[in-house]
Amino acid sequence: MAINILEPGLATTVQDQGRPGYYNVGIPQGGAMDSLSAEMANALAGNTAAEAVLECTYLGPKFTTDTDAVIAVAGAPVDVKVNGEPRPQWSRLELAAGDEVSFGMLRGGTRYYVAVQGGIDVPVVLGSRSTYTLGAVGGFEGRALKAGDVLPVGTALDVGTGGAERTELEEALRPSFDKEVTVRVLPGLYDHRLTEEGLNTLLSATWTLTPVADRTGLRYSGPDIVWKPRVQPFGAGSDPSNIVDAGYAVGSIQIPGGKEPIVLHRDAVSGGGYAMVATVISADMDLLARSAPGTKTSFRAVTLEEALAARAEGRKARSSIWG
Amino acid sequence: MTDTAVQRTDARYTWGGDEFLFVEIAEAMSLAANYKANAMAALLTARSLPGVTDICPANASLLIRFNPDILPPDRLQTEVRAVEDEVAHSSHQTLDTRIIEVPVWYDDPYTRETGARFRKGHQRPDGTDLDFAAEENGLDSPAEFIRRHHESPWLVSMVGFVAGLPFMFQIVPQEDQLEVPKYLSPRTDTPALTVGHGGCFACIYSVRGAGGYQMFGIAAAPIFDPAQRLADFRDFMIFFRPGDIVKFRSVEEAEYRDIQAQVDAGTYTYRQAPVVFDLQRALDDPAAYNRELLERLDGH
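If you're matching them up, the sequences are chains Y and W in order.
Throughout, the working numbering is defined as the position within the first sequence, counted from one, plus 1093.
Throughout, the working numbering is defined as the position within the second sequence, counted from one, plus 4.
#1: Give the DSSP bridge partners of residue 109 of chain W, in chain order.
#2: Hey, would you say the C-beta of residue 203 of chain W is under 8 Å away from at least one heavy atom of the ligand MN?
#3: Within 9 Å (strictly less), CB to CB, does residue 1268 of chain Y reach chain W?
#4: Please report whether the beta-carbon of residue 1271 of chain Y lies at a distance below 9 Å from any beta-carbon of chain W.
#5: Among the residues of its own chain, which have a CB less than 7 Å from the CB of residue 91 of chain W, if the five just before and after it don't count?
#6: What three-state label does DSSP hand residue 81 of chain W in the structure shown?
#7: Report the neighbours of residue 62 of chain W on chain Y: residues whose CB is nearer than 7 Å to its CB, in chain order.
#8: Step through the CB atoms of chain W and report whether any lies within less than 9 Å of the CB of residue 1230 of chain Y.
#9: Use the C-beta contact count for residue 1450 of chain Y: other C-beta atoms within 10 angstroms, 16 or more gives buried, fewer gives exposed.
#10: Counting only beta-carbon atoms, is residue 40 of chain W nearer than 9 Å to chain Y?
#11: Does residue 1409 of chain Y pass the burial test, meaning 16 or more other C-beta atoms within 10 Å, or should it be called exposed?
#12: Can you pull the chain W neighbours of residue 1120 of chain Y, defined as C-beta to C-beta under 7 Å?
#13: Using a Cβ-Cβ cut-off of 6 Å (strictly less than) and excluding sequence neighbours within five positions of residue 72 of chain W, which residues of its own chain qualify?
#14: When the Cα atoms are used, what is the spatial distance from residue 1319 of chain Y to residue 1387 of chain Y?
#15: Is it buried or exposed, residue 289 of chain W, if we count other Cβ atoms within 10 angstroms and call 16 or more buried?
#16: Please tell me whether residue 1222 of chain Y has its Cβ less than 9 Å away from any Cβ of chain W.
#17: Got a sec, what are the start and stop residues for the alpha helix (DSSP H) residue 129 of chain W sits in?
#18: Closest by CA to residue 1160 of chain Y, which one among Y:1259, Y:1237, Y:1243?
#19: Near residue 1420 of chain Y, which residues of its chain fall below 6 Å by C-beta distance, leaving aside the five closest residues on each side in sequence?
#20: Taking only beta-carbon positions, decide if residue 1344 of chain Y is within less than 9 Å of chain A.
#21: Rounded to whole angstroms, what's the CA-CA distance from residue 285 of chain W to residue 214 of chain W? Just pull it up for me.
#22: When you compare the CB of residue 1372 of chain Y with every CB in chain W, is at least one pair closer than 9 Å?
#23: Determine the contact status of residue 1179 of chain Y and residue 1102 of chain Y, defining contact as a CB-CB distance below 9 Å.
#24: From the DSSP secondary-structure annotation, give me the bridge partner or partners of residue 251 of chain W.
#25: Rounded C-beta distance between residue 1158 of chain Y and residue 1120 of chain Y? I'm assuming under 8 Å.
#26: Is the region 224-231 of chain W touching the region 241-251 of chain W in the sense that three or more CB pairs, one from each, lie closer than 8 Å?
#27: Going by Cα to Cα distance, which pick from W:37, W:221, W:163, W:272 is closest to residue 64 of chain W?
#28: Which full runs of the beta strand (DSSP E) of 3+ residues lie inside the region 1201-1262 of chain Y, going along the chain?
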């Protein structure tokens, strides 16, 4: 079975749960940006959480399948159409061979996910099917989709081997795509390089997500942040926001030159010469992935213990989709 | 040289959210700090702790990714501190590694053309990156800078930023280090395999893309091969590893083209030899030690 891509959309890529283990040589974890929505699409399509899905950004693809197929669309709110007829998001959809699937304009958020029963079966590269476009690794030929691409689809699971029986996801379980979000962060790394006022500004101001936001990172506009002046250590570069190039935590916040904080996401550059001052906790990384440009964002400080508690809570919520 | 052989001062431990532990070994770059980062990474890797997913040594720091559901943060920190202690108290500061010859066409037309497109806003708008680098280091000419760039070996102090990009630190006393500020405003384009320089670090861009390092030349052979066509990439698509020692060799256009033809034919292999890097000897008498390293490349 295969998916025929008629129109590729703006930046549609194949993603799964990511490629851990190669960050030490600069290959990022990758994987679906909004991992919960991707997992929900898989659950609805009768897959496990591990199958590769299509990540659609802003403008989705138009495609057909060459045999009967089962798909599901989850994530940012969008009109789903089959042969021009509206179909629901967050629900299992049965397609006949040749049915044409297309999407309307996003009504919020940034990304939605299309899962197909059996999963997108591109080759596994370094343990994952995720597309790392900068390195041309994984996914479909290492790149975003183009018109004319034919994507192989894997064999559907036997009923009951892990795929959920769920064919719809009630509203209470779905993530929301708000225009105002509070993102929890753990201050640390190089936060001592900021003035006290600078750190307070970061943690109390309302930040606006700029259009400079992609799989690598998201840039926010807001007030300037003051770094402590210092004589720079050897090899660190001249600005007080510079450090000797170091590894970057995924989710870490850097503020080059004290302007426009950048939060690194799943296709993070693995290192560089800007001091990081806080890190978005793992439970809130999906929140960033759901934010559309213009989203008003607050960064709220939490402790490591609170971050771990939020993580456990998130895991519990996640398991409820499979229940 | 102001370095002391072993970085005996304690590192600084701090959390990058609930999945990353960051260990700052020193604020300043030095061979000793980098040695400690690599040595800690090697020992930690050997411990194969369940729940540790990535161990990323950097220039003067170490970043560790872990799954706190499997390995609680406190336990990880205890393990890493034990490893730090082990490195600090080991009597022999050596690293099993290799020396690799990297052919470079310095002052090539590709980086020259790219540099010309980004003159506006550059520190030296009317010259080239090499002119600027020579002046910044008080050298008579770009040719003299190029000579200094390839005459002594470099240590790969970190691999990353993007897939397979090596950062390199010249194995010479601090006062002899080539230092060049980065671009004031980053370029949106850099040819793949550009040999760049920012601060005290050299790099080779593994893929085409944005960049802020000054550009001096272009490496003749790939360092990142996702298709794994060449023999040097049969085991892994990325060539460099932290701790590798690099000797640049200046080649002219004819040899550059010849190497490219070998790459196209799938027959090119890097000239390399195994070495044991000895931190103390590199710090005590870098000139003599570098000569010895380079002899290993010639099979002595």
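Beta carbons: idealized from backbone N, C-alpha and C, even for Gly.
Let's see:
#1: According to DSSP, residue 109 of chain W bridges with W:222.
#2: This structure lacks the ligand MN, and indeed carries no ligand of any kind.
#3: Not one chain W Cβ lies under 9 Å of residue 1268 of chain Y.
#4: Answer no: the Cβ-Cβ gap between residue 1271 of chain Y and chain W never drops below 9 Å.
#5: Contacts found: 40, 43, 44, 47.
#6: DSSP places residue 81 of chain W within a helical segment (H, G or I) once states are collapsed to three.
#7: Listed along chain Y, the residues sitting closer than 7 Å to residue 62 of chain W by beta-carbon distance are 1338, 1339, 1340, 1364.
#8: Contact of residue 1230 of chain Y with chain W is assigned, a C-beta pair being separated by under 9 Å.
#9: Since the first residue shown for chain Y is 1094 and the last is 1416, residue 1450 of chain Y is missing from the structure and cannot be characterised.
#10: False, the Cβ-Cβ gap to chain Y never drops below 9 Å.
#11: It counts as exposed.
#12: Going along chain W in sequence order, the residues near residue 1120 of chain Y (Cβ under 7 Å) are 167.
#13: Cβ within range, chain order: 22.
#14: Note on geometry: alpha-carbon atoms of residue 1319 of chain Y and residue 1387 of chain Y lie some 24 Å from one another.
#15: Exposed is the call here.
#16: The beta carbon of residue 1222 of chain Y sits no closer than 9 Å to any beta carbon of chain W.
#17: From DSSP, residue 129 of chain W is part of no alpha helix (DSSP H); its letter is neither H nor E.
#18: For the residues Y:1259, Y:1237, Y:1243, the minimum Cα distance to residue 1160 of chain Y belongs to Y:1243.
#19: Outside the displayed span of chain Y (1094 to 1416) sits residue 1420 of chain Y, for which this structure offers no information.
#20: Among the protein chains in the structure shown, which are Y and W, there is no chain A.
#21: In a straight line, the C-alpha of residue 285 of chain W is about 38 Å away from that of residue 214 of chain W.
#22: Judged by the 9 Å Cβ criterion, residue 1372 of chain Y is in contact with chain W.
#23: When the beta-carbon positions are compared, residue 1179 of chain Y and residue 1102 of chain Y stay at least 9 Å from each other.
#24: Beta-bridge annotation (DSSP): residue 251 of chain W is paired with W:105.
#25: Incorrect: roughly 31 Å between the Cβ atoms, too far for contact.
#26: Judged by Cβ distances under 8 Å, the region 241-251 of chain W makes contact with the region 224-231 of chain W, as three or more pairs qualify.
#27: Among W:37, W:221, W:163, W:272, the Cα nearest to that of residue 64 of chain W belongs to W:37.
#28: Entirely contained in the region 1201-1262 of chain Y, the beta strand (DSSP E) runs reaching 3 residues are, in chain order, 1204-1209, 1243-1245.
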